[in-house]
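There are 2 protein chains.
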Amino acid sequence: MFLPAEFSPIRDRPVADHGGALDRAIARFGGARADWIDLSTGINPWPYPVPEIPADAWTRLPDAAALDGLTLAARAFYNAPGDAAVTVAPGSQALIQMLPRLVPRTQVAVVGPTYAEHARCWALAGHDVQAVEDVDESTAAILVLVNPNNPDGRQWAPARLSALAERQAARGGLLVVDEAFAEVVPPVSLVPQAGMPGLIVLRSFGKFFGLAGLRLGFAFGPAELIGRMTAAFGPWAVSGPALEIGRVALSDRDWVRAMRTRLAAAAPSLDAILAAAGLEPIGGIDLYRLVRIAAAGGLADRLGRHHILVRRFDGQPDRLRFGLPPDEDATVRLRAALMNGDD
Amino acid sequence: MFLPAEFSPIRDRPVADHGGALDRAIARFGGARADWIDLSTGINPWPYPVPEIPADAWTRLPDAAALDGLTLAARAFYNAPGDAAVTVAPGSQALIQMLPRLVPRTQVAVVGPTYAEHARCWALAGHDVQAVEDVDESTAAILVLVNPNNPDGRQWAPARLSALAERQAARGGLLVVDEAFAEVVPPVSLVPQAGMPGLIVLRSFGKFFGLAGLRLGFAFGPAELIGRMTAAFGPWAVSGPALEIGRVALSDRDWVRAMRTRLAAAAPSLDAILAAAGLEPIGGIDLYRLVRIAAAGGLADRLGRHHILVRRFDGQPDRLRFGLPPDEDATVRLRAALMNGDD
Chain A
341 MFLPAEFSPI RDRPVADHGG ALDRAIARFG GARADWIDLS TGINPWPYPV PEIPADAWTR
401 LPDAAALDGL TLAARAFYNA PGDAAVTVAP GSQALIQMLP RLVPRTQVAV VGPTYAEHAR
461 CWALAGHDVQ AVEDVDESTA AILVLVNPNN PDGRQWAPAR LSALAERQAA RGGLLVVDEA
521 FAEVVPPVSL VPQAGMPGLI VLRSFGKFFG LAGLRLGFAF GPAELIGRMT AAFGPWAVSG
581 PALEIGRVAL SDRDWVRAMR TRLAAAAPSL DAILAAAGLE PIGGIDLYRL VRIAAAGGLA
641 DRLGRHHILV RRFDGQPDRL RFGLPPDEDA TVRLRAALMN GDD
Chain B
341 MFLPAEFSPI RDRPVADHGG ALDRAIARFG GARADWIDLS TGINPWPYPV PEIPADAWTR
401 LPDAAALDGL TLAARAFYNA PGDAAVTVAP GSQALIQMLP RLVPRTQVAV VGPTYAEHAR
461 CWALAGHDVQ AVEDVDESTA AILVLVNPNN PDGRQWAPAR LSALAERQAA RGGLLVVDEA
521 FAEVVPPVSL VPQAGMPGLI VLRSFGKFFG LAGLRLGFAF GPAELIGRMT AAFGPWAVSG
581 PALEIGRVAL SDRDWVRAMR TRLAAAAPSL DAILAAAGLE PIGGIDLYRL VRIAAAGGLA
641 DRLGRHHILV RRFDGQPDRL RFGLPPDEDA TVRLRAALMN GDD
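Chains A and B supply the protein sequences, listed in that same order.
Counting from 341, one number per residue, gives the positions in the first sequence under this note's numbering.
Counting from 341, one number per residue, gives the positions in the second sequence under this note's numbering.
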């Protein structure tokens with residue numbers, strides 16, 4: 341049977357622990373699922389209310405009208421220029437998986453530490469991947485960064501990134517900007533420049549809109565490469581309900597405005613809770629905070645015993661990421677678990 | 341920018357007209373969408389009733405428990421043996437798109453005429469694709485067939501296909517069996533043999549269950565190749581609602597049994613309507629019938645003027661495929677449109 345030499349059972353397994361891994365925490369610390377407060381993701385805990393879904397969205401193959409409706413709403417919401425093409429995918433993870441398969445094997449630099457799936461997926465497709473700390477550290481043809489970065493919230497100005505895209509294009513390469521969390525920092529977005537050669541911008545629907553189960557993401561960029569992505573996903577890549585809900589939510593400017601305000605107030609409240617426990621955030625955005633603490637593993641375990649899940653990072657044993665507590669009960673429990681000392 | 345030499349704007353565009361293309365018919369023949377009877381697909385017109393969807397399925401990243409629940413239900417429903425691996429994808433089209441990217445470029449024979457996306461997707465990934473009419477016509481490493489075939493309902497016995505899979509494995513290749521419509525012909529399924537080397541079996545959830553908008557499909561096969569597919573799709577490939585609805589529907593044996601009976605009665609009723617208009621089906625299954633008629637285009641246009649959409653085929657100008665009329669009104673209108681002569 342076909343088995344290319346480059347196949348590796350370890351590398352080809354998805355990264356296990358990047359949010360949503362509540363199952364293992366329950367297995368270790370017990371409790372019913374409903375008892376747990378999951379602060380391990382950067383997903384908005386106050387989701388967009390799921391609207392009425394027409395029966396056709398479930399029963400029919402998603403048609404061109406539904407796809408066009410969503411695409412128009414996405415172009416408007418993300419401020420895509422006329423010369424940028426867009427492809428719609430079942431989640432931004434699906435885009436991160438597919439893009440590396442559509443360019444010839446080359447050198448790829450990923451600016452990090454960041455979301456681990458970028459490096460894994462480029463390596464999985466056979467590229468030569470290196471981790472860099474700064475955008476000027478490498479001459480690789482492909483440069484990948486997350487803006488604002490996850491988990492530390494590091495940001496790059498659009499003008500700086502446009503220049504980088506030009507540099508990468510001149511190398512015959514690409515700048516890939518993952519804007520999975522950019523809804524809470526709108527000015528950083530490079531989508532308005534997404535028609536230029538050598539630039540691909542990824543957007544995630546589920547995080548800011550709190551509907552991560554929907555699986556909906558977008559890539560903006562030059563027509564040829566985006567056309568290849570669209571062809572690779574093929575027809576009906578996105579579910580009918582996702583097309584419908586995405587179109588409605590992306591068009592709801594009042595909800596978006598109110599949610600940005602709500603998140604901008606919630607993040608400082610989380611800071612105060614962390615500060616009261618002697619934890620100073622070293623970075624983050626309005627959807628999460630990153631803290632540095634020598635005994636990060638011990639603190640995560642203590643929170644686990646209180647059935648609160650936070651995010652740890654392989655290779656960064658002194659970091660924890662906290663998502664926003666979804667309600668007053670969760671806030672009280674988080675404060676108590678942080679303050680009580682070991683139990 | 342990266343643009344491989346093999347890129348072709350024509351080949352890389354999805355096949356436009358393979359069902360669900362109601363938009364163009366409306367543009368040509370007018371009428372509101374609700375006026376149209378769409379018989380152009382092989383999708384069951386009596387969908388599985390969408391169950392209550394827990395809020396978590398929308399808001400959280402689909403977790404291992406949800407994926408495991410669906411996978412177990414699928415293994416039981418499709419009769420997968422213990423040594424077969426399974427990957428879950430957002431539609432069987434997504435599997436058809438991805439598989440060709442995971443095997444080294446080689447010769448591929450597609451037994452047809454059949455669902456056009458197979459040949460397109462293997463070609464898109466750079467393989468050397470030929471159309472064959474019979475399984476013994478080619479020595480290609482990869483042999484692809486649809487069982488039962490779409491649109492003519494042609495069937496291969498599992499014993500014959502097991503032998504073919506062994507032959508393909510001995511060539512260092514694969515037999516790919518697309519069982520998108522096998523729910524109405526359960527004995528043809530090769531899933532019970534899916535652990536053997538050189539065999540990949542694809543299943544589609546949306547057609548028999550009438551929920552094509554959900555985007556859910558499965559591939560069964562040997563652990564290594566299926567593992568590569570799973571890695572290529574990555575985490576959270578399928579939406580939370582699809583995991584939930586799929587699990588419930590695939591476990592509902594009473595509904596499945598009753599639906600098979602209903603479809604088995606409906607197909608002969610369609611035959612009678614066609615026969616009364618002088619149309620003799622030359623093939624099909626309980627979800628659709630294929631007819632041969634010299635003036636197929638003229639008949640399709642006449643039906644279009646009655647706002648009834650049937651399926652035409654590029655390269656087979658004397659064939660039309662009819663899906664099942666969904667209700668009495670549709671039955672009456674189809675009979676009238678077929679009988680009235682030109683209008």
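Glycine included, each C-beta is placed from N, C-alpha and C at the ideal position.
- Fully contained in the segment 493-554 of chain B are the following alpha helix (DSSP H) runs of length 4 or more, in chain order: 498-510.
- Restricting attention to G466(A), L464(A), A465(A), A456(A), the CA atom closest to the CA of V472(A) is found in A456(A).
- Excluding sequence positions up to five before and after L362(B), its CB lies within less than 8 Å of the CB of R373, W376, D378, S380, L649, all in the same chain and listed in chain order.
- With respect to chain B, the C-beta atom of V596(A) has no partner C-beta closer than 8 Å.
- Taking 9 Å as the cut-off between beta carbons, the residues of the segment 439-472 of chain B near chain A are R441, L442, V443, P444, T446, E457, R460, C461, L464, A465, in sequence order.
- Taking a Cβ-Cβ cut-off of 7 Å, the neighbours of V390(A) in chain B comprise W398, given in sequence order.
- By the CB criterion at 8 Å, V631(A) and L619(A) fall inside the cutoff.
- Distances from the alpha-carbon of V475(A) to those of N487(A), D408(A), S529(A), F417(A) put N487(A) closest.
- Look at the beta carbons and you see the segment 542-560 of chain A touching the segment 578-587 of chain B: at least three pairs across the two are nearer than 8 Å.
- Burial state of M599(A) is buried, judged by a 10 Å Cβ sphere holding 16 or more other Cβ atoms.
- Rounded to whole angstroms, the separation of the alpha carbons of L610(B) and R543(A) is 47 Å.
- Cβ contact annotation for R511(B) (same chain, cutoff 6 Å, sequence separation greater than five): A481, in chain order.
- Short of 6 Å from the beta carbon of I622(A), and not among the five residues preceding or following it, lie these beta carbons of its own chain, in chain order: L630, R632.
- With a beta-carbon spacing of about 6 Å, V426(A) and R415(A) fall inside the 8 Å limit used to define contacts.
- Against chain A, a Cβ distance below 9 Å from P387(B) picks out A395, W398, T399.
- Taking 9 Å as the cut-off between beta carbons, the residues of the segment 570-581 of chain A near chain B are T570, A571, A572, F573, G574, P575, W576, A577, V578, S579, G580, P581, in sequence order.
- Within 9 Å of the CB of T381(A), the CB atoms of chain B belong to R400, L401, in sequence order along the chain.
- Sixteen is the threshold: since fewer than 16 other Cβ atoms of the shown chains lie within 10 Å of the Cβ of V672(B), the residue is exposed.
- Pairwise C-beta distances place the segment 398-418 of chain A out of contact with the segment 434-452 of chain A, as fewer than three of them are shorter than 8 Å.
- Cβ proximity to chain A below 8 Å picks out nothing from the segment 620-653 of chain B.
- Around the beta carbon of R500(A), fewer than 16 other beta carbons sit within 10 angstroms, so the residue counts as exposed.
- At least one C-beta of chain A is nearer than 8 Å to the C-beta of D363(B).
- Nearest to A635(A) by C-alpha distance, out of A616(A), I625(A), D626(A), Q656(A), is Q656(A).
- Nearest CB-CB separation between R602(A) and chain B: not below the 8 Å threshold.
- Contact of Q437(A) with chain B is assigned, a C-beta pair being separated by under 8 Å.
- Under the rule that a run must span 3 or more residues, the beta strand (DSSP E) segments found entirely inside the segment 411-452 of chain B read 425-429, 447-451.
- Annotation: the continuous beta strand (DSSP E) that includes A559(B) extends over 557-561.
- Restricting attention to G574(B), A677(B), D667(B), the CA atom closest to the CA of A617(B) is found in A677(B).
- The C-alpha of A563(B) lies about 11 Å from the C-alpha of L539(B).
- In the three-state reduction of the DSSP assignment, D468(A) falls in the strand class.
- Nearest to R661(B) by C-alpha distance, out of G561(B), A612(B), P491(B), E668(B), is P491(B).
- Annotated three-state conformation of G638(A) is helix, per DSSP.
- The beta carbon of Q433(A) falls within 8 Å of a beta carbon belonging to chain B, placing the residue at that interface.
- For G382(B), there is no enclosing alpha helix (DSSP H), as DSSP marks it with neither H nor E.
- For D396(B), the closest of P385(A), E523(A), V525(A), S529(A) by C-alpha to C-alpha distance is P385(A).
- Counting only Cβ-Cβ distances below 9 Å, A552(A) has contacts in chain B at W398, T399, R400, L401, P402, W576, G580, in chain order.
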